[in-house]
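Taking it in order: structure first as structure tokens, then the write-up.
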Amino acid sequence: MRELGDVIPVPAEVRPDPAATFTIHSGTAICTPTESVGLLLAEVLRSATGHPVPVSPTAGAIVLQLEDVDGGPEAYVVDVARDLLTVRANTEAGLFSAVQTLRQLVPVSGTGDVTVPGGRIADRPRFAYRGVMLDVARHFFTVDEVKSYLDVITQFKINHLHLHLTDDQGWRLEIAGWPRLTEVGGGPGTGVDGAGPGFYTREEYADLVAYAAQRYVTIVPEIDMPGHTNAAQVAYPELTCDGVPVAPRTDTEVGYSSLCVGLDRTYEFLEDVIREVAALTPGPFLHIGGDEAQATSAEDYRTFMDRVLPLVTKYGKRAVGWHEMASVELPGDAVPQFWRVETADEGTARAVTRGNQVIMSPADRVYLDMKYAEDSRLGLDWAGRIDVERSYRWDPAARLPGVGEEALLGVEAPLWSETLRSMADVQTMTFPRLPAIAEIGWSPRGARDWESFRHRLAAFGPRWTAQGIAFHPSPEIDWL
Ligand code: ACM
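Residues 48 to 527, numbered by the working numbering, are exactly what the sequence shown covers, in order.
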């Protein structure tokens with residue numbers, strides 16, 4: 048049997064009661080008025096025990112209920128006693144968080160009774176935003192593949208999935224009125240090294256957004272601009288300043304493309320795109336990229352952002368952008384996402400003085416596409432090599448002068464796909480580093496400890512194997 052606190056992310060408060068183990072047996076049922084979460088827990092417990100684990104609104108020894116608890120919308124309290132296991136939360140998202148905790152206290156699969164260690168867990172997130180980014184532009188991943196990824200990352204209480212939908216190589220979301228974006232930009236040979244084709248129709252994207260919402264995950268769509276736009280200009284040469292067609296690109300250079308800042312057609316295009324993406328996305332965020340705009344002059348960049356940021360507001364969304372965006376004056380609700388290896392950034396710090404919140408994604412700590420070690424088969428190394436300890440031993444509130452705890456919306460781990468070709472590749476780069484970043488995003492700073500984390504992480508080797516999830520067997524961890 049696992050110990051009550053043997054969970055990632057480590058809970059805020061754990062009080063074990065060794066005298067009070069709870070046994071899931073053939074007659075155990077889940078009682079809850081919240082059927083959606085009840086069914087998710089039932090699925091986990093059926094797999095762990097082989098028992099039927101019915102879900103009922105009126106009877107059962109496992110009780111899930113919506114009730115006031117301290118700690119905000121995702122907080123939850125689990126009480127494990129001899130005859131009763133209760134889960135309380137303010138929201139369904141909080142109950143869902145609790146289900147992810149309970150999942151880790153039982154086997155992935157098995158037949159027979161299972162005991163859950165007794166005591167109380169009272170848990171709540173440090174940051175509201177705990178994200179992962181997947182680059183589906185440089186290598187496309189299907190809706191089913193992204194759904195399977197959501198199934199795994201939510202086990203670590205990740206609640207935002209940022210999709211990098213467009214880049215120089217490809218355009219992966221259908222936009223009404225601009226069919227060539229995906230006919231051409233999502234056609235054959237549009238990934239790095241000519242991989243592809245692929246794009247999401249509006250219906251497929253909506254289906255993915257709904258699937259994520261059922262797991263309390265907000266999709267954050269990114270349309271990168273004004274750079275990283277070669278694919279759009281291949282599809283529509285009218286979006287270049289001279290109207291001359293540009294060549295498709297499948298290499299991994301960056302910083303060479305720019306939308307034409309002085310052209311009205313640019314903003315007609317972007318208003319159509321922003322209106323459409325906003326309409327398809329129920330979440331509050333719309334990511335406008337803004338990174339690596341080396342082909343746009345500083346003055347043009349300001350002109351561009353001054354026209355585009357109001358469009359995001361006009362269609363009811365909060366703009367998120369890579370932190371280069373903070374070189375201009377931002378709307379108060381805009382969110383710069385810090386991504387570089389530097390340990391200071393003037394623009395981001397200035398935005399914080401004006402009240403903007405920040406997402407932390409320093410490449411040398413959280414970029415899941417960086418190699419683990421020199422001999423890693425996958426990944427890049429421009430931000431260094433990142434082993435598990437390096438992913439774990441840092442703090443987002445201590446990274447940038449002027450960007451402290453109060454300024455942080457949260458933490459996100461981006462996964463760029465230049466070297467990735469399959470979901471197994473995605474999983475191998477994600478695990479075991481994502482659990483480290485998930486713990487930074489969720490757990491209280493004072494509850495974190497590398498030796499404890501290493502020990503807790505070791506148990507996930509056999510769990511991932513049982514779930515069919517590829518992972519890098521990092522030598523820092525004494526895998527069980
Ligand atoms: C980035 O890695 N270009 C945000």
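Even for Gly, the Cβ is constructed at its ideal location relative to N, Cα and C.
Would you check if the stretch 447-463 and the stretch 392-411 touch, i.e. whether three or more CB-CB distances between them fall below 8 Å?
yes
Helix or strand or just coil, what does DSSP make of Gln-514?
helix
Helix, strand or coil, according to DSSP, for Arg-412 in the structure here?
helix
6 Å Cβ shell around Gly-232 - same chain, five flanking residues per side excluded
Gly-217, Trp-218, Ala-278, Ala-282
Separation of Ala-223 from Asp-434, as counted between CA atoms
43 Å
Identity of the residues DSSP links to Ser-195 by a beta bridge
Ser-195 is not bridged to any residue.
Can the beta-carbon of His-502 be found less than 8 Å from the beta-carbon of Thr-475?
no
Is it buried or exposed, Asp-311, if we count other Cβ atoms within 10 angstroms and call 16 or more buried?
exposed
Under 8 Å between the Cβ atoms of Gly-141 and Pro-120?
yes
Proximity winner among Leu-111, Thr-96, Ala-95, relative to Val-102 (alpha-carbon distances):
Leu-111
Nonlocal neighbours in the same chain, by C-beta distance under 7 Å from Val-450, ignoring five residues either side:
Thr-395, Ala-396, Val-399, Val-405
Residues of its chain near Asp-472, where Cβ-Cβ distance is below 7 Å and the 5 sequence neighbours each way are ignored:
Leu-425
Figure out for me which residue from Thr-70, Trp-463, Pro-329 has the closest Cα to the Cα of Pro-268.
Pro-329
Does DSSP put Gly-178 in a helix, a strand or coil?
strand
List the endpoints of the continuous alpha helix (DSSP H) containing Met-352.
345-361
Extract the residue ranges of the alpha helix (DSSP H) inside the stretch 59-130, only unbroken runs of 4 or more that lie entirely within it.
82-96
Which ranges does the beta strand (DSSP E) cover as unbroken runs of at least 3 residues, wholly within the stretch 137-167, from first to last along the chain?
161-163
Candidates Gly-290, Ala-325, Leu-51, of which the one nearest Val-256 by Cα:
Ala-325
Output the boundary residues of the beta strand (DSSP E) element that contains Phe-478.
First-last for Phe-478: undefined, no H or E at that position.
Taking 8 Å as the threshold (C-beta atoms), are His-207 and Arg-171 in contact?
no
Per DSSP, what kind of secondary structure is Ala-505 in: helix, strand or coil?
helix
Which residues, in chain order, sit with a beta-carbon under 7 Å away from any heavy atom of the ligand ACM?
Val-301, Asp-338, Glu-339, Trp-369, Trp-386, Ala-410, Pro-461, Trp-463
Verify whether the separation of the beta carbon atoms of Val-134 and Leu-197 is less than 8 Å.
no
List, from N- to C-terminal side, the alpha helix (DSSP H) runs of 4 residues or more that fit wholly inside the stretch 197-235.
227-232
Following the continuous beta strand (DSSP E) through Asp-271, name the residue where it begins and the one where it ends.
265-272
Along the alpha helix (DSSP H) that carries Arg-312, what are the first and last residues, could you check?
311-327
In this structure, how does DSSP classify Arg-365 when only helix, strand and coil are distinguished?
strand
Could you tell me the alpha carbon to alpha carbon distance between Asp-392 and Leu-447, rounded to whole angstroms?
7 Å
Under the rule that 16 or more other beta-carbon atoms within 10 Å means buried, what is Thr-75, buried or exposed?
buried
Roughly how many whole angstroms lie between the Cα atoms of Ser-408 and Pro-273?
21 Å
Sequence-distant residues of the same chain with beta carbon closer than 7 Å to Glu-323, five excluded per side:
Ile-222, Ala-223
Does the stretch 284-291 come within contact of the stretch 305-321, defined as at least 3 CB pairs closer than 8 Å?
yes
In three-state DSSP terms, what is Val-382?
strand
Bounding residues of the alpha helix (DSSP H) (the contiguous stretch that carries Val-291):
Run containing Val-291: none; DSSP gives neither H nor E here.
Please state whether DSSP places His-519 in a helix, a strand or coil.
coil
List the DSSP bridge partners of Leu-169.
The identity of residue 169 in the sequence shown is Ala, whereas the question assumes Leu. DSSP lists Glu-60, Val-124 as partners of Ala-169.
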